[in-house]
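Q: In our numbering, the protein residues as written are 693 to 1002.
1. Would you mind reading off the limits of the alpha helix (DSSP H) that contains residue 857?
2. Does the Cβ-Cβ distance between residue 730 and residue 752 come in under 8 Å?
3. From the DSSP secondary-structure annotation, give me the bridge partner or partners of residue 793.
4. Ends of the alpha helix (DSSP H) at residue 735?
5. Which same chain residues, not among the five before or five after residue 678, have their C-beta less than 8 Å away from its C-beta?
6. For residue 711, I'd like the list of residues in its chain whose CB is within less than 6 Å of its CB, leaving aside the five on either flank, ordered along the chain.
7. Identify the residues that DSSP records as bridge partners of residue 934: which are they?
8. Kindly list the residues whose CB is nearer than 7 Å to the CB of residue 981, restricted to its own chain and excluding five residues on each side of it in sequence; keep chain order.
9. Return the CA-CA distance between residue 758 and residue 742, expressed in angstroms with no decimal places.
10. Does the distance from the C-beta atom of residue 835 to that of residue 793 stay below 8 Å?
11. Quick check on the DSSP output: the alpha helix (DSSP H) that includes residue 719 runs from which residue to which?
12. If you reduce the DSSP assignment to three classes, tell me which class residue 815 lands in.
13. Do residue 937 and residue 991 count as a contact pair if the criterion is CB distance below 8 Å?
14. Let me know the secondary structure DSSP gives residue 958 once reduced to three states.
15. Spatial neighbours of residue 756 within its chain, please: C-beta separation below 8 Å, excluding the five flanking residues on both sides.
16. Measure from the alpha carbon of residue 795 to the alpha carbon of each residue in 838, 955 and 845, then state which is nearest.
17. Hey, could you find the ends of the alpha helix (DSSP H) residue 701 is sitting in?
18. From what residue to what residue does the alpha helix (DSSP H) around residue 982 run?
19. Taking buried to mean at least 16 other C-beta atoms within 10 Å of its own C-beta, is residue 948 buried or exposed?
20. Does the beta-carbon of residue 921 have 16 or more other beta-carbons within 10 angstroms, so that it is buried, or is it exposed?
21. Between which two residues does the alpha helix (DSSP H) holding residue 750 run?
22. Tell whether a beta-carbon distance below 8 Å holds between residue 887 and residue 914.
23. The alpha helix (DSSP H) with residue 945 in it runs from where to where?
24. How about residue 917 and residue 885: are their beta carbons less than 8 Å apart?
25. Could you give the C-beta distance for residue 865 and residue 944, rounded to a whole number, given that I count them as a contact under 8 Å?
26. Assign residue 811 to one of two classes, buried (16 or more other C-beta atoms within 10 Å of its C-beta) or exposed (fewer than that).
27. Checking the sheet assignment: what are the DSSP bridge partners for residue 788?
28. Can you give me the C-alpha to C-alpha distance between residue 956 and residue 747, rounded to a whole angstrom?
29. Which of helix, strand or coil does DSSP assign to residue 951?
30. Going straight from the alpha carbon of residue 986 to that of residue 806, what length do you get?
31. Using the Cα positions of residue 972 and residue 736, report the straight-line distance between them to the nearest angstrom.
32. Expressed to the nearest angstrom, what Euclidean distance is found between the alpha-carbon atoms of residue 734 and residue 773?
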């Protein structure tokens, strides 16, 4: 073996060991035996003339050399995965699977009709829909396409802003008939509020709307699930934040203080730049760009949401 040019399999085992923290876990992740992974690490250390791990009963502790090497090996892994994505995309054409990730609310309340129209036009392309409020890593192919409310920072991603969703306070009409309609933001103190359990992006936006320092103790009903919050809102549990476009479909929901508390989140459609060569990914990306933009243009304009003065 040429010591100046370690093979990719050695770096692959190193990367798995760094991510998993032990030889046994790395072996499971790679579907290799533990001795094989250990041998790869030994060969890489010998080839580079450095010590990469301190071995102990607790597992592997990376050295400074390993930490410096890690980002370069991750870049190698991304390049290797890009080759696979490009080759599989060109070979499959309008067949295969596309992994799409979006937030719970977008995935459950907005995307289904769009995906139904896409499937009618491209029945041989399967879609894996991953609903999560965390940002899936497109560079590591946790997803092929993402719909996000923040612009991604990675330069290897293609990001297209397709519009904005506006949000505001809403409540079920019978709750407001029973508890009264607040005439100011200060009057919310006397109401049951629906909100977050831990810190979320919506809370940051709310703080900028004059609601003051918000903590979980301000909410009578707490959940970090957007869908759970929407269900609580529809059940009449209290006042909560909802997208105006989603609330407009429910005749029992009413906007609260629409002129005093209203904010917007950008909608970004994102994919890895190397997936431009994949026919199936590009088809879904272009379809969502057009269909989602049309949906956003159809939403109520400012001042046109359903509300009633207290």
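We put the CB at the ideal spot given by N, CA and C, even for glycine.
A: In brief:
1. In the DSSP assignment, residue 857 falls outside any alpha helix (DSSP H) and within the unbroken beta strand (DSSP E) covering 849-864.
2. Result no, Cβ atoms of residue 730 and residue 752 do not sit closer than 8 Å.
3. For residue 793, the beta-bridge partners assigned by DSSP are 822 and 838.
4. Per DSSP, residue 735 belongs to the alpha helix (DSSP H) from 726-740.
5. A query on residue 678 cannot be resolved here, the shown segment of the chain reaching from 693 to 1002 and no further.
6. So no residue of the chain qualifies.
7. As a beta-bridge residue in DSSP terms, residue 934 pairs with 860.
8. So the qualifying residues of the chain are 852, 854 and 961.
9. Between the alpha carbons of residue 758 and residue 742 lies a gap of roughly 9 Å.
10. Closer than 8 Å, so yes.
11. Run containing residue 719: 715-722, per the alpha helix (DSSP H) assignment.
12. Three-state DSSP puts residue 815 in coil, outside helix and strand.
13. At the C-beta level, residue 991 and residue 937 come within 8 Å of one another.
14. Of the three classes helix, strand and coil, the one that applies to residue 958 here is strand, per DSSP.
15. Within the same chain, residue 756 has no close Cβ partners at all.
16. Answer by Cα proximity: 838.
17. From DSSP, the alpha helix (DSSP H) with residue 701 extends over 700-712.
18. The continuous alpha helix (DSSP H) containing residue 982 extends over residues 971-989.
19. Residue burial is scored here from C-beta neighbours: residue 948 has at least 16 other C-beta atoms within 10 angstroms and is therefore classed as buried.
20. By the Cβ neighbour-count rule, residue 921 is buried, with 16 or more other Cβ atoms within 10 Å of its own.
21. For residue 750, no alpha helix (DSSP H) run applies, since DSSP gives it neither H nor E.
22. Going by C-beta atoms, residue 887 is nearer than 8 Å to residue 914.
23. That residue, residue 945, is in no alpha helix (DSSP H); its beta strand (DSSP E) goes 945-948.
24. In this structure, residue 885 does not lie closer than 8 Å to residue 917 by Cβ.
25. About 5 Å separates the CB atoms of residue 865 and residue 944; that is less than 8 Å, so the two are in contact.
26. Exposed, since its Cβ has fewer than 16 Cβ neighbours within 10 Å.
27. According to DSSP, which records beta bridges pairwise, residue 788 is partnered with 817.
28. Each residue's Cα considered, the two are about 51 Å apart.
29. Residue state, collapsed to three classes: coil.
30. Roughly 10 Å between the two C-alpha positions.
31. Residue 972 and residue 736 have their C-alpha atoms roughly 38 Å apart.
32. C-alpha separation (whole angstroms): 25 Å.
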